[in-house]
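Sequential numbering of the sequence shown, starting at 0, is according to numbering that gives the first Met the number 0. Built from N, CA and C at the ideal position, the CB exists for glycine as well. Here is the structure we will look at.
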Amino acid sequence: MKKILLTIIMLTNFIMYPSENRINKYIDPDMIKEAGSPIFSKNGVIITLPPEVGYQIFIRSDLDGWKKNYYFKRSFFGIFYCMLDYDSEKKVIAYKVNINGFWDINPMGGPVSIDAHGNPFSLLYYPDEIKYNLDSPIIKEVDGPGKLVIFRFNAPNAKQVSLVFSGSKYSRFTNQMIKKEKGYWEIELLVEKGAYFYYFQVDDIKYIDKENSNLIDDSILGPLSTVVVK
């Protein structure tokens with residue numbers, strides 16, 4: 000009987016809103032006017048709930064082993080919202096919503112699964128486009144000195160893509176990128192704190208990082224993309 004109920008819940012959740020993803024890189028959460036499906040912004044994914052759902056609400060997720068409480072805030076229009084961080088290693092996030100002291104799945108719907116004890120939890124799938132269409136590059140914390148910087152470039156028809164990087168003395172051969180899914184090329188570098196400049200060499204043609212608005216104009220190399228590691 001429990002399995003039947005869970006199946007009904009899952010089907011109902013899919014009907015409540017379609018599997019379409021709302022992508023809005025520069026949305027201001029305080030200006031959200033209505034609750035709906037998750038919104039993927041440049042700073043994280045935003046979960047929204049209507050004003051009447053409760054008074055104290057937070058989320059826990061597998062992003063940090065179900066430890067941290069992500070509390071909801073209210074927009075200027077009374078909509079509850081909560082922002083979860085991105086994890087470039089994950090394609091799906093599992094989470095639960097606590098409403099007024101009671102654990103629940105996302106009442107706005109969406110995919111649902113169950114744990115080993117039969118308790119339901121919500122699932123949030125990253126759309127393919129969000130993995131690459133956020134601001135570039137991605138800077139991640141690591142154990143020890145320095146930080147990991149992930150560079151990506153879309154060139155599905157390219158035969159070879161290199162990262163020409165100031166930290167490697169602008170060598171065109173040192174940082175060969177690897178082709179990933181969806182035609183994106185990727186490379187990860189462990190770098191120390193500081194400002195760095197770079198561009199992509201795609202089959203002998205120079206390209207700046209179109210997802211990075213921070214540029215300088217070098218007197219010799221011309222336009223260069225900039226990344227600052229703090």
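May I ask which residues mark the beginning and end of the beta strand (DSSP E) holding residue i?
i, result
"P119", "P119 to Y124"
"L162", "V160 to F164"
"M82", "F79 to L83"
"F152", "K146 to N153"
"T173", "Neither: T173 is in no beta strand (DSSP E) and is coded neither H nor E."
"E140", "I137 to E140"
"Y206", "I204 to Y206"
"F71", "From DSSP, F71 is part of no beta strand (DSSP E); its letter is neither H nor E."
"D103", "F101 to D103"
"G35", "Where G35 is concerned, there is no enclosing beta strand (DSSP E), given that its DSSP letter is neither H nor E."
"G43", "G43 to L48"
"S112", "V111 to I113"
"I215", "L214 to D217"
Per DSSP, what kind of secondary structure is residue i in: helix, strand or coil?
i, result
"G193", "strand"
"T11", "The pLDDT assigned to T11 is 38, lower than 50, so where the model puts this residue is not dependable; a value taken from the coordinates is nonetheless given after this. Helix."
"S224", "strand"
"E185", "strand"
"S167", "helix"
"D86", "coil"
"D29", "helix"
"V96", "strand"
"F180", "It is worth fixing the name first, because residue 180 is Glu in this sequence and not Phe. In the structure shown, E180 sits in a helix (DSSP, three-state: H, G or I)."
"D63", "helix"
Apart from the five residues on each side of it in sequence, which residues of its chain come closer than 8 Å, Cβ to Cβ, to residue i?
i, result
"G35", "Y16, R21, T47 and M107"
"Y169", "V163 and L220"
"I38", "R21, I22, N23, I26, I31, V44, I45 and T47"
Cutting at 7 Å between CB atoms, please list the residues of its own chain near residue i, excluding the five before and the five after it.
i, result
"I98", "V52, G53 and I56"
"K192", "V228 and K229"
With distances taken Cα to Cα, identify the nearest neighbour of residue i among the options.
i, options, result
"G145", "V91, M30 and V190", "V190"
"D29", "M82, G64, N68 and W65", "M82"
"S40", "F76, Y125 and S112", "Y125"
"V44", "K32, P50 and K24", "K24"
"F164", "P37, Y195 and F101", "Y195"
"G109", "F101, A115 and V96", "V96"
"N153", "Y70, Y198, V111 and L214", "Y198"
"G166", "Q159, N105, P136 and L188", "L188"
"V111", "S218, V141, F101 and L123", "L123"
"Y183", "F172, R171, A157 and Y70", "A157"
"E140", "N105, D86, D114 and S161", "D86"
"D202", "N213, F71, P155 and I113", "P155"
"P50", "Y70, F79 and I38", "F79"
"N68", "N213, S74, D84 and G77", "D84"
"P136", "I26, I38 and N213", "N213"
"D27", "F75, D142 and F71", "F75"
"N105", "A115, I138, F71 and E88", "F71"
"Q159", "D216, D103 and I204", "I204"
Let me see if you follow: with CB-CB separation under 8 Å, is residue i close to chain C or not?
i, result
"A157", "No chain C appears in this structure, which consists of one protein chain only."
Residues in its own chain within less than 6 Å of residue i by CB, not counting five upstream and five downstream?
i, result
"Q175", "S161"
"R171", "S161, V163 and Q200"
"D217", "L223"
"T173", "S167"
"E88", "none"
*Does the region 118-128 touch the region 145-159, meaning 3 or more C-beta pairs lie closer than 8 Å?*
no
Cβ contact check for the region 84-93 and the region 60-70: 3 or more pairs under 8 Å: yes
**Message:** Pairs of beta-carbons, one from the region 203-215 and one from the region 178-187, closer than 8 Å: are there three or more?
**Reply:** no
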